[in-house]
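Taking it in order: structure first as structure tokens, then the write-up.
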Amino acid sequence: MLTTLTLFRNEFQKVWWPAYRVLKEVVDKERPSPSQKELLKEWQSLGNELGLSDSKESAEFQKGQAEARKVAADFCAWVACRYNSEKSSSRMRVCAGCEEPLESWA
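Under the working numbering, the first residue of the sequence shown is numbered 2, with each subsequent residue one higher.
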């Protein structure tokens, strides 16, 4: 049985890296206030206390994003298309404008 702390860590892990990345970007690219710098430091410390590291979580996040893009390529982005929720038996075409997969309009 999973402990409450393990359950918390598993859920926290999902949001830690995306939030850390945004905070780090603010601190690195803008003129951060002392409180923003402190928030980044504390957010990183909280993640570290729960066994998370920015390098590992970055890699996991990128892997998850790549997998999501791969799955999304099998479906049409047009909501009214039947292949929006059903996988097409043939390779989907891609919109040259938005690069979203599209069902053939023919």
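Yeah, the Cβ is synthetic: ideal placement off N, Cα and C, and Gly gets one too.
Worksheet item: Which of the three DSSP states, helix, strand or coil, is assigned to Ala78?
Response: Within the sequence shown, residue 78 is the residue found at index 77, counting from 1. The answer is coil: DSSP assigns Ala78 none of H, G, I, E or B.
Discussion item. Buried or exposed for Leu47, going by 16 or more other Cβ atoms inside 10 Å?
Written reply: Reading the sequence shown from its first residue, position 46 is the one you call residue 47. Per the 10 Å Cβ criterion, exposed.
Worksheet item: Looking at the unbroken alpha helix (DSSP H) that takes in Thr5, where does it start and where does it end?
Response: Walking along the sequence shown from the start, residue 5 turns up at place 4. Here the alpha helix (DSSP H) through Thr5 covers Thr5 to Lys30.
Item to complete: Indicate whether the contact test is met: 3 or more Cβ pairs, each with one atom in the region 12-27 and one in the region 55-71, closer than 8 Å.
Response: In short, these stretches touch, since the Cβ pair count reaches three.
Worksheet entry | Alpha-carbon spacing of Ser90 relative to Gln63, whole angstroms | One-based indexing of the sequence shown puts residue 90 at position 89. One-based indexing of the sequence shown puts residue 63 at position 62. Using only the alpha carbons, I get a separation of about 28 Å.
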